[in-house]
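For reference, the structure discussed in these notes is given below.
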Amino acid sequence: MSKITHKDQTHKRFFEDTLESYNGKIAFLHIDVDIASSYITTLEKLFDKVESGGVVLFDEYKNPHWVEATEAIDKFLGGRYEIRKCKVNDKYYIVK
Numbered sequence: 006m007s008k009i010t011h012k013d014q015t016h017k018r019f020f021e022d023t024l025e026s027y028n029g030k031i032a033f034l035h036i037d038v039d040i041a042s043s044y045i046t047t048l049e050k051l052f053d054k055v056e057s058g059g060v061v062l063f064d065e066y067k068n069p070h071w072v073e074a075t076e077a078i079d080k081f082l083g084g085r086y087e088i089r090k091c092k093v094n095d096k097y098y099i100v101k
C-alpha cells in the first residue's frame with residue numbers, strides 16, 4: 006500500500022481569489038460553503054477539474070435553511086447530472 010502524504014494549507018481569502026490557483030485534477034469534491042454565491046464561484050472554478058467518474062458532494066443541497074444554495078446548484082448543473090442522495094449521511098452528490 007502506498008503512503009499518503011498530506012500537504013494541507015490554509016488561505017484566508019475569498020474563494021474567487023484562491024480556487025483558481027489549483028491546477029490539479031479532482032476525484033472527490035465536497036462543497037460546504039453555505040451560500041449560493043459561494044457555490045457558484047466554487048463550481049465555476051473547480052467543476053471542470055473533476056475527473057470523469059469523480060464525485061461532487063453538496064453539503065447544503067435540499068437543506069431548508071439554505072434554499073438559495075440548492076437553487077444555485079440546480080442552475081449550474083442545468084439538469085445535466087442525476088443528483089443522488091447518500092443513504093449514510095443524507096447528503097446529495099453527483100457522479101460526473
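Going by the numbering used here, the first residue of the sequence shown is number 6, and it counts up by one from there. Glycine is no exception: its CB is placed at the ideal position from the N, C-alpha and C atoms. These numbers come from a predicted model, not from an experiment.
Own chain partners of residue i with C-beta closer than 7 Å, once the 5 adjacent residues on each side are dropped
{"i": "W71", "result": "D39, E65"}
Residues of its chain near residue i, where Cβ-Cβ distance is below 6 Å and the 5 sequence neighbours each way are ignored
{"i": "L48", "result": "F81"}
{"i": "A77", "result": "A41, Y44, I45"}
{"i": "A74", "result": "A41, Y44, E65"}
Pair within 8 Å by beta-carbon distance, residue i and residue j
{"i": "K96", "j": "V55", "result": "no"}
{"i": "I36", "j": "F63", "result": "yes"}
Assumed close pair residue i, residue j - CB separation to whole angstroms, cut-off 8 Å
{"i": "G59", "j": "F33", "result": "7 Å"}
Close-in-space but distant-in-sequence residues of the same chain around residue i (CB under 8 Å, 5 per side omitted)
{"i": "C91", "result": "L62, Y97, Y98"}
Completely contained beta strand (DSSP E) runs for the region 52-98, where each covers 3 or more residues: 55-63
contact_flag[the region 21-40, the region 79-88] where n(CB pairs < 8 Å) is 3 or more: As far as the Cβ criterion goes, the region 21-40 does not touch the region 79-88, which means the pair count is below three.
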